[in-house]
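To keep things clear, I will list the structure first and then write my remarks on it.
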Amino acid sequence: MEKELWKGNEAIAEAAIRAGCKYFFGYPITPQTEVPEYLSLHLPEIGGCFLQAESEVAAINMVYGAGGCGVRVMTSSSSPGISLKQEGITYLCGSEVPCVIINVMRGGPGLGTIQPAQGDYYQATRGGGNGDYRTPVLAPANVQEAADFVRMAFDIADIYRNPVMVLADGMIGQMMEAVEWHDIEKRELPAKPWATTGTQGKREHNVINSLYIQPEPCAEHNEKLEKKYKLIEEKETRYEEIDAEGCEVLFTAYGTTSRVCRAAMKLLADEGIKAGLFRPITVWPFPYAQLKKAAAQNSVKAVVVAELSLGQMIDDVKIALEGSKPISFIGKAGGLVPTPREVADAAKKAIGR
Amino acid sequence: MEKELWKGNEAIAEAAIRAGCKYFFGYPITPQTEVPEYLSLHLPEIGGCFLQAESEVAAINMVYGAGGCGVRVMTSSSSPGISLKQEGITYLCGSEVPCVIINVMRGGPGLGTIQPAQGDYYQATRGGGNGDYRTPVLAPANVQEAADFVRMAFDIADIYRNPVMVLADGMIGQMMEAVEWHDIEKRELPAKPWATTGTQGKREHNVINSLYIQPEPCAEHNEKLEKKYKLIEEKETRYEEIDAEGCEVLFTAYGTTSRVCRAAMKLLADEGIKAGLFRPITVWPFPYAQLKKAAAQNSVKAVVVAELSLGQMIDDVKIALEGSKPISFIGKAGGLVPTPREVADAAKKAIGR
Amino acid sequence: MTNDIIISGFGGQGVMAIGKTLTEAGMKEGKEVSWLPSYGPEMRGGTANCSVVLSDELIVSPIVLEPSELIAMNLPSLIKFEPTVKKGGTIFVNSSVVDQKVTRTDVRAVYVDCIKIAEELGNSKVANMVMLGAYIEAMKNLSTDTIKEMLVHMFTGPKAKLVDLNIEALKRGAACVK
Amino acid sequence: MTNDIIISGFGGQGVMAIGKTLTEAGMKEGKEVSWLPSYGPEMRGGTANCSVVLSDELIVSPIVLEPSELIAMNLPSLIKFEPTVKKGGTIFVNSSVVDQKVTRTDVRAVYVDCIKIAEELGNSKVANMVMLGAYIEAMKNLSTDTIKEMLVHMFTGPKAKLVDLNIEALKRGAACVK
Amino acid sequence: MAIVYQKSKGLTDKELHYCPGCTHGIVHKLVAETLEELGIIGTTIGVAPVGCSVFAYDYFSCDMHGAAHGRAPAVATGIKRVSPPGTTVFTYQGDGDLAAIGTAEIVQAAMRGEKITVIFINNAIYGMTGGQMAPTTLIGQKTTTSPLGRTKEHAGMPIKMCELLSTLDGCVYAERVCVTDIPNLNKAKKAIRKAFELQQQNAGLTFVEVLAACPTNWGKPPIKAVEWLKENMIPYYPLGVYKDSAEVK
Amino acid sequence: MAIVYQKSKGLTDKELHYCPGCTHGIVHKLVAETLEELGIIGTTIGVAPVGCSVFAYDYFSCDMHGAAHGRAPAVATGIKRVSPPGTTVFTYQGDGDLAAIGTAEIVQAAMRGEKITVIFINNAIYGMTGGQMAPTTLIGQKTTTSPLGRTKEHAGMPIKMCELLSTLDGCVYAERVCVTDIPNLNKAKKAIRKAFELQQQNAGLTFVEVLAACPTNWGKPPIKAVEWLKENMIPYYPLGVYKDSAEVK
Amino acid sequence: MAGKVTFCQDRCKGCELCVSVCPKGIIVIDQEVTNRKGYHPAAVKEMDKCIACASCAKICPDSIITVERL
Amino acid sequence: MAGKVTFCQDRCKGCELCVSVCPKGIIVIDQEVTNRKGYHPAAVKEMDKCIACASCAKICPDSIITVERL
Ligand SMILES: Cc1ncc(C[n+]2csc(CCOP(=O)(O)OP(=O)(O)O)c2C)c(N)n1
Ligand SMILES: Cc1ncc(C[n+]2csc(CCOP(=O)(O)OP(=O)(O)O)c2C)c(N)n1
Ligand code: SF4
Ligand code: SF4
Ligand code: SF4
Ligand code: SF4
Ligand code: SF4
Ligand code: SF4
Ligand SMILES: [Mg+2]
Ligand SMILES: [Mg+2]
């Protein structure tokens, strides 16, 4: 397989095309703008449609319309733009419209800064919109994964009739790395009899909708959704362990921060400290049981959570560990990335060295 | 003190006026519309201004403008409308503009239903917007508290220069109960030298803003905010315990659900089971330590979390308990309220009776 | 003592008003009270109902699932709520509109020909007051004087003449209770 | 072996292009590579820089904090990054624009009069190629043939004549390395 | 015995939840009849708003989407841009939906000339939420959020959407109609039909504004409401064609 | 020796971050000079947008708010409605900000006749994010999201905000100007001054659209950019007064 | 030219719009009947006067009128 | 009518807008100088020809020109 050099955002865009996505609705915002830019050139080439919406709000609602028609469709934005999409996302979940949403995170809160951050973890994993809903969230740590996960995301979206998010950050979006366009796992995809493709006079009308004015059917609908979420938790939880076996300190980090942890692990190894990494790949569903197991090793003295935030994923780590191991945190918010040295020192402190 | 009969939403509106709030920007949505309706009549009477915005997005940005000028200002909405306000809320937090935001929750996701629900707990406590930020969230369980908490909320907002949310649900908003307009605790309020009141040629210009284009000052700003949040956690955490001492099963619930739990406690008492209630009043900051302590009693066999959702606050309960006690959950989403019987049965199941 | 009341009927029948009057009267008499409307989709054209709780203790939940009293102002209301009434409870039926009888035998039934009586009094709008009179007479949990005071407070100036009409309506309602 | 490189200069000096060429060449030679631009506020008018990592092992972090090599295309870049270079590292200075010398003594300094050389070649746009030639000559971590191949690939049709010009630029740059 | 009029096949059999005499029901049928007459029920996708007509998705027999409040034009854009040629797309929106929260979406869809038809129900009030002021509420009109009547000083003059959208090149057809009586109803029907026909020719965005009555929130029985509409709304919102830049071929 | 021209006190001493020849800098001074001349720097509150002029809050010496992208008119409404009489409020917005994401906010503020002044910088592109298509991008103009040039078929005709807002009663003054040369710059200054004066008289919303150059994203040196503007933008966006419904007293 | 008008009375909401547009003035609200929705439904008094113009049917918001020409 | 024009050269971005509007054509970009921002700044060649019209100052986006009348 030939390796090609791809910028993260462009790899994301190209991956969408390779996943059979012909439609994109979005709005410019740094540091993800190369996604729409790339697609504005290449979607028309394949008979698809790129449309720059008037806003993120409009974009997500265009996605709702398009996705309801049964086609593969994507939108992409960065933090403040994703905030604006929250109403749309809860509608998409409520109406069970599949689509892929990219968030290339930047520093917050508010307008913040355009540097990489991971401050939207809560929003992505808990849903920043109203009501009970979930979106599977894949968090790539390099450009190859960004390219792979986007393609996986489309399958997950179609299989479960649910929006799926790919949660990257400014660094993943802006950096170039080698990418192999290898095949991804082929999954069986369901038909879409629910899609609004016109009744053609042959069936009852299809309705895409999230309103259930009576509480009973609304509750029922919620129960149905909950079953789906449980199934996703069971089937789609993904994570990676690196040098975790027998480690003294277990880092837990996703995306860009996991790379910093790996650099820190080298520094620690030089000092004779065995450090391992537990990396959630799906941050929802979060690999609670798997993390608990990894941390349960006798060798593990502490779990160190690293994030580009003031501490959001740490909630999930706490839930996973149930007090079984001490947890400490190293993080920076607002666009700064902690150095491997800082992370290594935090680990040393955590284990009292 | 004379008791008066007040509808929850109207009590909220009247409380704002009594707190010295003269400005309101909002948009109609069931089940909170009586808030703007009430204020549209009564704010002009006191020389204030009620303005119906063109949308929730506009409303929250009007609040941003008004709050930045140093006046007390409020907005109010219900679930989907609050989703639309997420970008505005993260801006308000980032810019440290005080204001009060009311969410009278209804069922979700999406358009959902207009019946009471508590599905926006995640959004309220974690921030549905981008970046690291927090809003103190007061959750009233009756109309009296709604009236009291709105007034407290304005003080907290001014003291910490931060938006404060009052998180009610359709039932609290729609029901009528007796209210006493007793005085609330008088707190010392800081001056607002940062407000944009015009330089009058006498000072440097003031700037209300959440942008820090360089990551270093943005990170610094985040650290400053974090200190504030820590201070709020320390000073403003509120909760209530009812019959918790020596209880066998400890309910944990807030708002409307806490009332259902109290009804269930009666049913259980009839059956000889001693049940208690731990009620977070601030759901952020969440009373982690206090809950852990209450649950640590030897008598407590299980903690039962009740919510009008598929389980959101339960995350905080898990974080609080650190695996120290078994936790079970009873909840309904989409506008249904579990009956006291259902809640009591869940408790019995939890303790194996 | 706790009264868990459901009042239900068509929009426009004054169902909410009956509830609010009961609640306010209860409060004035020092009771703990709550009033909760069903503000659902029924609002548009269909049936409306509200739950009222009057109690000597703290009210934990304003939701009434098993009413001790049901005021059914129309047939759909009777059909929907009759089965939920507590054993030994009371059902008040607006017999001007509802041509069916209460079928349960473990409850007390009170039939009030609200509209006819109100029309006899010359104002069909007081039909709900007639029903209220019946309720108070039957339950004896509130004093008519409290309501009268409230009426005096409510109707002032040119409307003052309505006080007597309403009081008469209460009385006529009370007379329906045997 | 790992090269952690920072390339920095004014916008328009081809800083990003030098980085991308290095990265692609590294990839073609089977190395692990990464390229990360600083896409900050500097974009507008100010200084731009990018980090390139070329390595024989998996690259854990693309962020270069302590470069083994610095290519400073202007003075602010030299001032900002000189202190961060690893002991024993190399600093390449665009001496056409930078009139200061490297002050550290624990690093190697290579001065390249990029613009003058490029102008001598008749095209000031190849100034960055001159610098690239110097880098490759000094570091010997990539083969010039790889770059040549890339140039042949890049400039086709009417632009083919640019291949030789660029190759000449690489050579002239290499000659600056003593 | 010949049937002169019966319920259109463009409507499902669901009972409408609207209040007695609500205009929504009348406009529903005009749209449904048009779809039926043009033979496009099977290839049409409609978008229902949030407002009293939120259940429109249950009433039209073509495929339907329920959009978020105000976003119907964006949803329709998404549908139209991905659907096969020949697909008809319409939105059905109230004045709170279209002329307040959805201002950006309708203006931008009109600018882009999205090939959709927009049916705009202007009843000068927020019906569903119980009678709040809309941007279209008349000066002096009392609503629950303008309890003393709307004033120009506080809320500006009511917005005229036909006039506004007509300035945009992509809006090729804009007409304001009402359905207060049979002649007007016939005109409204013709306008709606023309709007759909122009869409079939890919002319651009077509827009029909229907002045409508909300007896419930106006606090008037249906017949009185119709009279109020005629006396108060039509003078401020003149009926007629505002834009007609494309020929029906 | 008399000073004929020096930097206005309406500006702070901060260095502008704009690219060489960017029109933003020129318009900043016109606004600043106007505030100074009217003696209202101390009683003015400005609202900066998201766009290249995001740092306008650092440049104007009056009190400032940085608004979320497109929401400046709503923020300004909040400010104006709570500030003491005599407070001047203005927004400064780009075309992505005002004519795309902020469409609803500007249209509704104009409808309400908010007593604010809006300075609208139309450079036919999204400057800050690196040159994407704006609603105002010309037909045929290449941008990073219309790489083959904007077409009417795909994106509609560019939106003309002066023309659109002029239909609204609450917008009492709308003029389109440019600052390509001294005569035009003087006209622009007059327009801006009139807009602020009308605000002081509580006339309604006043709107000045400035055709602007973005040399960087147009890929042209400043002087060439100015030429392109004259040759391409002015013909499509004619200069002049579009609305003038209030007298300056 | 006589017509036959059928009302689905169960669904009538008694809004009187049909009454207001009937050129023959033959539609009345039947105060005697209350349908299951609680409304007094519309009905035609003198069917023989009906000219089958369908005005009533066209305006009926609830589409419950069918008109036939005899 | 002679004028004195002062440039804050450090802040000049060499955009040439002043050059384009000077009625006397006396402003040039000084290719010899590179300021700390990296631009060649503008300067007046023959100051005695300046008529103090302030056109240059009015259009300068960076407000770095001061014009005095002698
Ligand atoms: C985001 C959001 N905001 C507000 C609402 C509440 N809401 C429902 S319908 C409506 C107004 C509808 O008025 P209009 O569009 O005029 O339709 P009508 O009911 O008059 O036909 C509002 C504000 C909502 N559902 N979602
Ligand atoms: C909600 C949101 N969406 C998108 C952005 C990204 N963004 C920043 S500036 C801008 C466009 C600015 O263009 P314009 O308003 O024309 O101003 P100019 O830079 O051209 O002066 C965009 C899309 C943002 N910051 N916030
Ligand atoms: S409230 Fe008004 S708009 Fe809504 S259904 Fe009733 S009459 Fe129609
Ligand atoms: S990018 Fe364009 S608009 Fe932005 S500062 Fe540069 S020239 Fe001005
Ligand atoms: S068809 Fe015409 S004449 Fe006959 S009842 Fe209907 S409206 Fe009257
Ligand atoms: S128009 Fe229809 S609903 Fe109204 S009264 Fe006539 S038949 Fe009944
Ligand atoms: S003041 Fe006038 S004449 Fe003098 S340099 Fe400036 S533009 Fe030229
Ligand atoms: S206009 Fe100003 S910035 Fe531009 S060249 Fe002249 S002095 Fe320099
Ligand atoms: Mg309406
Ligand atoms: Mg622009």
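Chains as they are written, first to last, in our numbering: chain Z, 1 to 353; chain A, 1001 to 1353; chain D, 2001 to 2178; chain X, 3001 to 3178; chain U, 4001 to 4249; chain W, 5001 to 5249; chain H, 6001 to 6070; chain B, 7001 to 7070. From the three backbone atoms N, C-alpha and C, an ideal C-beta is built for every residue, glycine too.
Would you say the beta carbon of residue i comes nearer than 7 Å to a heavy atom of ligand 6?
i	result
residue 4223(U)	no
residue 6014(H)	yes
Check whether chain U comes within 8 Å of residue i, counting only Cβ atoms and requiring the distance to be less than that.
i	result
residue 5116(W)	no
residue 200(Z)	yes
residue 6017(H)	yes
residue 1252(A)	no
Just to confirm my understanding: we take residue i, look at its own chain, exclude 5 residues before and 5 after, and list those with CB closer than 8 Å. What are they?
i	result
residue 1046(A)	1017, 1022
residue 1349(A)	1328
residue 110(Z)	80
Does the beta carbon of residue i fall short of 7 Å from some heavy atom of ligand 4?
i	result
residue 5024(W)	yes
Here's the rule I'm using: 16 or more other beta-carbon atoms within 10 Å means buried, otherwise exposed. How should residue i be labelled?
i	result
residue 4095(U)	buried
residue 4201(U)	exposed
residue 4247(U)	exposed
residue 3001(X)	exposed
Cβ-heavy atom distance between residue i and ligand 8 below 7 Å?
i	result
residue 3066(X)	no
Please return the same chain residues whose Cβ sits closer than 7 Å to the Cβ of residue i, not counting the five positions on each side in sequence.
i	result
residue 1196(A)	1068, 1069, 1206, 1208
Could you tell me if the beta carbon of residue i falls within a distance shorter than 7 Å of some heavy atom in ligand 5?
i	result
residue 4179(U)	no
What I want to know is whether the C-beta of residue i ends up closer than 7 Å to one or more non-hydrogen atoms of ligand 1.
i	result
residue 4050(U)	yes
residue 4101(U)	yes
Using only the heavy atoms of ligand 3, determine whether one of them is closer than 7 Å to the beta carbon of residue i.
i	result
residue 4062(U)	no
Within 8 Å (strictly less), CB to CB, does residue i reach chain W?
i	result
residue 7033(B)	no
Pick out whichever of the options has its Cα sitting closest to the Cα of residue i.
i	options	result
residue 281(Z)	258(Z), 299(Z), 297(Z)	258(Z)
residue 1211(A)	96(Z), 181(Z), 107(Z)	107(Z)
residue 5040(W)	5088(W), 5071(W), 5164(W), 5026(W)	5088(W)
residue 7066(B)	5208(W), 5164(W), 5116(W), 5002(W)	5002(W)
Taking only beta-carbon atoms, is residue i less than 8 Å away from chain X?
i	result
residue 7038(B)	yes
Is the beta carbon of residue i within less than 7 Å of some heavy atom of ligand 9?
i	result
residue 4134(U)	yes
Between residue i and chain Z, is the shortest Cβ-Cβ distance under 8 Å, so that the two count as touching?
i	result
residue 3161(X)	no
residue 5053(W)	no
Determine, using beta carbons only, whether residue i comes closer than 8 Å to chain B.
i	result
residue 5010(W)	no
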